[in-house]
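S.K.:
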Amino acid sequence: MRSLSALLPLVSRLTTLSAMVMLVGILPWLAGGDPALALLRARSGDQEATPETLEAIRHSLGLHQGPDALLWHWLQNLLQGDAGNSWISGTPVLPGMLQATAVSLTLMACALLVALLLLTLICLPVMRAGLAGVARRPSGAVAAALTALPEFLLAALLL
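For the sequence shown, the UniProt record's numbering gives the first residue as 1, with consecutive numbering after it.
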């Protein structure tokens, strides 16, 4: 029973990830228009949208197969290390994904560093007084104020 409860967070995360991938995968069809027309406008806004041009885009990208087939092929290729190419520029997507991941990890590390620094600054006076044997009752006003501030305001104040 214990191992089953340990698997629950993993199953929950995998389900959420799968749902997000499927939702993002069907966004071109959820937009309400023709995905081929949207791609043509994004690639070259001045080109005329003839039926032949739109059909060529559909066949070159496999849009005629539908979102479920495209998602299945993408997942198969992803397992082989190929995240595909951008529909707009035609460049590989994986380098951009890795670069964005590196930036996100850097931001997370900096946020953790700032949080640890603030934690140290808030707790240091109380710990120093406790180690010196001075019994002092901390009010926690600074910690409460920092907790109550919205993140965007706190970020602006700390900059």
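No residue lacks a Cβ here, since even glycine has one placed at the ideal position from N, Cα and C.
Threshold first: 4 residues or longer. Then list the alpha helix (DSSP H) segments lying entirely within the segment 29-68, N to C.
M.R.: The qualifying runs are 35-43 and 51-61.
S.K.: Between Leu37, Arg41 and Leu94, which has its C-alpha nearest residue 165's C-alpha?
M.R.: This structure does not reach residue 165, given that the chain is present from 1 up to 159, and the question cannot be answered.
S.K.: If we ignore side chains and look at the alpha-carbon of each, how far apart do Leu158 and Thr50 end up?
M.R.: Against the sequence shown, residue 158 aligns to sequence position 158. Against the sequence shown, residue 50 aligns to sequence position 50. Taking the straight line joining both Cα atoms gives about 54 Å.
S.K.: Under 8 Å by Cβ, that's how I've got Leu39 and Ile57 pegged, so tell me the actual separation to the nearest angstrom.
M.R.: Along the sequence shown, one-based indexing puts residue 39 at 39. Along the sequence shown, one-based indexing puts residue 57 at 57. The Cβ separation is near 6 Å, so the contact holds.
S.K.: What three-state label does DSSP hand Pro125 in the structure shown?
M.R.: For the purposes of this step, residue 125 is taken as the residue at position 125 of the sequence shown. In the structure shown, Pro125 sits in a helix (DSSP, three-state: H, G or I).
S.K.: According to the Cβ coordinates, are Leu63 and Pro35 closer than 7 Å?
M.R.: On the sequence shown, position 63 is the one that residue 63 refers to. On the sequence shown, position 35 is the one that residue 35 refers to. Yes; because the gap between Cβ atoms is below 7 Å, this pair is in contact.
S.K.: Leu70: buried (16+ other C-beta within 10 angstroms of its C-beta) or exposed?
M.R.: The sequence position of residue 70 within the sequence shown is 70, counting from 1. The residue in question, Leu70, is buried, as its Cβ has 16 or more Cβ neighbours within 10 Å.
S.K.: Have a look at Leu54, Ser18 and Thr101 and flag the residue whose alpha-carbon is nearest the alpha-carbon of Trp72.
M.R.: Residue numbering aside, residue 72 sits at position 72 when the sequence shown is read from its first letter. Of Leu54, Ser18 and Thr101, the residue nearest in Cα terms is Ser18.
S.K.: Under 7 Å, do Ala143 and Ile122 count as touching if we go by C-beta distance?
M.R.: Looking up residue 143 in the sequence shown gives position 143. Looking up residue 122 in the sequence shown gives position 122. Taking 7 Å as the Cβ cut-off, Ala143 and Ile122 qualify as a contacting pair.
S.K.: By alpha-carbon positions, which one of Ala111, Leu27, Gly25 and Ser60 ends up nearest to Glu151?
M.R.: As a working note, residue 151 is residue 151 in the sequence shown. Of the listed residues, the one whose Cα sits closest to Glu151 is Ala111.
S.K.: Since Leu7 is in the alpha helix (DSSP H), which residue starts that stretch and which ends it?
M.R.: On the sequence shown, position 7 is the one that residue 7 refers to. Note, Leu7: alpha helix (DSSP H), Arg2 to Gly25.
S.K.: Which value, in whole angstroms, describes the spacing of the CA atoms of Asp68 and Ala6?
M.R.: Walking along the sequence shown from the start, residue 68 turns up at place 68. Walking along the sequence shown from the start, residue 6 turns up at place 6. Rounded to the nearest angstrom, the two C-alpha atoms are 32 Å apart.
S.K.: Distance check for Gly66 and Gly25, CA to CA, integer angstroms please.
M.R.: Mapped onto the sequence shown, residue 25 falls at position 25. Mapped onto the sequence shown, residue 66 falls at position 66. In a straight line, the C-alpha of Gly25 is about 11 Å away from that of Gly66.
S.K.: In whole angstroms, what is the alpha-carbon distance linking Glu52 and Pro92?
M.R.: Residue 52 sits at position 52 when you count from the first residue of the sequence shown. Residue 92 sits at position 92 when you count from the first residue of the sequence shown. Straight-line Cα distance between these residues: approximately 26 Å.
S.K.: Which two residues bound the contiguous alpha helix (DSSP H) that contains Thr147?
M.R.: As a first step, residue 147 is located in the sequence shown; it is residue number 147 there, counting from the start. Thr147 -> alpha helix (DSSP H) spans Ala141 to Ala148.
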